[in-house]
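Below you'll find the structure, written out as structure tokens, and then a few comments.
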Amino acid sequence: MEDSLFSIAINGIFVKNFLLVQFLGLCSFVGVSKETKSAAGMSAAVLFVMIMASVASFLIYTYLLLPFGLTFLTTISFIIVIAFLVQLVEFIIRKFSPPLYRSLGIFLPLITTNCAILGVVILNARLDYNFTQSLFYGISAGLGYSMVMLFMAAIREKASSLKVPEAIEGLPHAFFITTLLSMAFVSYFGVIPT
Amino acid sequence: MADMTISGEYFRGIVKDNPIFSLVLGLCPVLAVTTSVENAIGMAGAALFVLLGSNVIVSALRKQIPPITRIPMFIIIICTFVTMIDMLMEAYTPPLYKSLGIFIPLIVVNCIIIGRAEAYASKNTVKYSIVDALGIGTGFLLVLVLIGAIRELLGTGAIVPFGFKLISIPITPSTFMILPGGAFMTIGVLMAMVNYNRIRKARKGGQ
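Note that the protein sequences, when read in sequence, are chains A and B. Sequential numbering from 2 applies to the first sequence in the numbering used here. Sequential numbering from 818 applies to the second sequence in the numbering used here.
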């Protein structure tokens, strides 16, 4: 409970980066990081849903599940909340901003099964974060995700012109790049004394 | 459908449709929990339980589930089994539960399980769905144990699942393999090997 907002933010963005350190949301990471444009779209969608999901799941967990002793329904209610939010976001974007919908649209259905989102809300519940802490953790986790996603897309775009052995092309190559990125992030361990 | 055999369906899940190397599904737990063989077995066991349960229920209800609402219904069925295994592991294997962390509830969003419900169980009989779940589950287990074994052996110098020393080699353990980078590198190397093999086979077949 005594985690300060600053340390939550540093934790979410760097030290416990969702993609590189906690391994959450990897499917979308290797899937859409081929181009900067689609990576940016995916990041924006994830950031958006992550923030809304942190708030909504906090309210449901604190005011519905805990008082009535229904914590065994945590996972199921969180996934329903996320699916509902994704639908809502899709609906709103389609109604008010068709150009944004055209660029984000295909990523939205993928987000329901993105483990980074469910990961953030479950971690919020497990760490007993209060409202502001949950919100901050959602924002910083989303920012950390977006940052790594954009790094990766930029590197892969540059690296696509390199000549590599046929067997390494594609996914193995992406994993080797990720190894190097992840080694850089490991050096953030110990920035925050625990 | 007439040419399906039980053993054929089982081995298809392990080799041809291997969830990790062929379908590239459900990567997160593969990398996150494979710091040791013990965690790998625990994770794969939990996933197998959920996969089996959801495949059985989905295939039994495949005529009742209306196509338009099938995905939410699959998720609720999967969620039921995930909650069951979550509570069972918390009660009976607390240390394992603790080291697997949030990856047990995250089985809900594991694409392997919903993928099998959608692609297989909703179209086939209960009997074949059970075989499919066992095959895919075994494929998942083998990959997890392989990655877990490589990382544990190189990272600590010995493989010790469930307090039983299996093998040890006289090397200086490299912490790198236990860190996240080691996971990415191991799967990258393994995937490159699988690709290499596939390309070589394809060339042989072509000539």
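The C-beta atom is built at its ideal place from N, Cα and C for all residues, glycine as well. Predicted, not measured: the structure shown is a model, and the values here were computed from it.
Asked: What residue range does the alpha helix (DSSP H) around E969 of chain B cover?; Found: V943 to T973
Asked: When we look at the beta-carbon of G120 of chain A and count the other beta-carbons within 10 Å, is it buried (16 or more) or exposed?; Found: buried
Asked: Judging by CA-CA distance, which residue of B:S824, B:V841, B:K940 and B:E935 is the nearest neighbour of I1004 of chain B?; Found: B:V841
Asked: Can you give me the start and stop residues for the alpha helix (DSSP H) that M821 of chain B sits inside?; Found: No alpha helix (DSSP H) contains M821 of chain B, which DSSP labels as neither H nor E.
Asked: Along chain B, in chain order, which residues have C-beta atoms closer than 8 Å to that of G120 of chain A?; Found: I919 and L923
Asked: Does the count of Cβ pairs from the region 856-874 of chain B and the region 896-903 of chain B closer than 8 Å reach three?; Found: yes
Asked: Please confirm whether M989 of chain B and I831 of chain B have their CB atoms less than 7 Å apart.; Found: A small fix is needed here, since residue 989 of chain B is Thr in this sequence, not Met. Not a contact, by the Cβ cut-off of 7 Å.
Asked: Using a Cβ-Cβ cut-off of 7 Å (strictly less than) and excluding sequence neighbours within five positions of P836 of chain B, which residues of its own chain qualify?; Found: L842, G843, I929, I953, G956 and F957
Asked: Taking C-beta pairs closer than 9 Å, name the residues in chain A that A1019 of chain B reaches, listed in chain order.; Found: Here the premise fails: no neighbours, minimum Cβ distance about 10 Å.
Asked: Going along chain B, which residues have a C-beta under 7 Å from I169 of chain A?; Found: A1009
Asked: Consider the Cβ of L27 of chain A: report whether some Cβ of chain B lies at a distance smaller than 7 Å.; Found: yes
Asked: Need the endpoints of the alpha helix (DSSP H) that F113 of chain A sits in, please.; Found: According to the sequence provided, residue 113 of chain A is Thr. The question's Phe does not apply to it. From DSSP, T113 of chain A is part of no alpha helix (DSSP H); its letter is neither H nor E.
Asked: Is it buried or exposed, T852 of chain B, if we count other Cβ atoms within 10 angstroms and call 16 or more buried?; Found: buried
Asked: Apart from the five residues just before and just after G974 of chain B, which ones in its own chain have a Cβ nearer than 7 Å to its Cβ?; Found: S985, I986, I988 and P990
Asked: Can you check the region 32-100 of chain A for any alpha helix (DSSP H) of at least 4 residues that lies completely inside it and give the ranges in chain order?; Found: 37-61 and 75-97
Asked: Could you give the first and the last residue of the continuous alpha helix (DSSP H) run that contains A849 of chain B?; Found: L844 to A849
Asked: By DSSP, does S985 of chain B sit in helix, in strand, or in coil?; Found: strand
Asked: So that I know if they touch, is there some Cβ in chain A lying closer than 7 Å to that of I1027 of chain B?; Found: What the structure shows of chain B is the stretch from 818 to 1024, and residue 1027 of chain B is not part of that stretch, so it cannot be assessed.
Asked: How long is the line joining the alpha carbons of S1 of chain A and K880 of chain B, rounded to whole angstroms?; Found: In the structure displayed, chain A extends from 2 to 195; residue 1 of chain A sits before or after that span and is not available.
Asked: Could you give the uninterrupted runs of the alpha helix (DSSP H) lying entirely in the region 125-185 of chain A, keeping only those of 4 residues or more?; Found: 132-160
Asked: How close, in whole Å, do the beta carbons of L214 of chain A and L66 of chain A come, if the pair is a contact with beta carbons under 8 Å?; Found: A question about residue 214 of chain A goes unanswered here, because the residues of chain A that appear run from 2 up to 195.
Asked: Using a Cβ-Cβ distance cut-off of 7 Å, determine whether F49 of chain A contacts chain B.; Found: no
Asked: Listing by chain order, which chain B residues have their CB less than 9 Å from the CB of V90 of chain A?; Found: Ordered by position in chain B, no residue passes the 9 Å Cβ test against V90 of chain A, which lies about 17 Å from the chain.
Asked: What is the DSSP secondary structure of I882 of chain B, reduced to helix, strand or coil?; Found: coil
Asked: For G13 of chain A, which residues of its own chain have a beta-carbon under 6 Å away from its beta-carbon, when the five flanking residues on both sides are left out?; Found: Y138, S141, A142 and G145
Asked: Which chain A residues sit within Cβ distance under 8 Å of F878 of chain B?; Found: Rather than Phe, the amino acid found at residue 878 of chain B in this sequence is Leu. Going along chain A, no residue has its Cβ under 8 Å from L878 of chain B, so there is no contact; the nearest lies around 18 Å.
Asked: Quick check on I976 of chain B: does DSSP put it in helix, strand or coil?; Found: strand
Asked: Pick out whichever of B:F838, B:G825 and B:R829 has its Cα sitting closest to the Cα of V1011 of chain B.; Found: B:F838
Asked: On a CA-only basis, which of B:I892, B:L848, B:A908 and B:V948 is nearest M821 of chain B? Give me that one, please.; Found: B:V948
Asked: Using the beta-carbon count (16 or more within 10 Å), is P110 of chain A buried or exposed?; Found: exposed
Asked: For a cutoff of 7 Å on Cβ pairs, would you count V187 of chain A as touching chain B?; Found: yes
Asked: Going along the chain, which residues of its own chain have a beta-carbon closer than 7 Å to the beta-carbon of M994 of chain B, five neighbours each way excluded?; Found: R968, L971 and G972
Asked: Taking the C-alpha atoms as reference points, what is the distance between I888 of chain B and S29 of chain A?; Found: 19 Å
Asked: Tell me which residues of the region 6-27 of chain A have at least one Cβ-Cβ distance to chain B shorter than 8 Å, keeping chain order.; Found: L21, V22, Q23, F24, L25, G26 and L27
Asked: Consider the Cβ of S183 of chain A: report whether some Cβ of chain B lies at a distance smaller than 7 Å.; Found: yes
Asked: Below 6 Å CB to CB, which residues in the same chain sit around L996 of chain B once its five sequence neighbours on both sides are set aside?; Found: none
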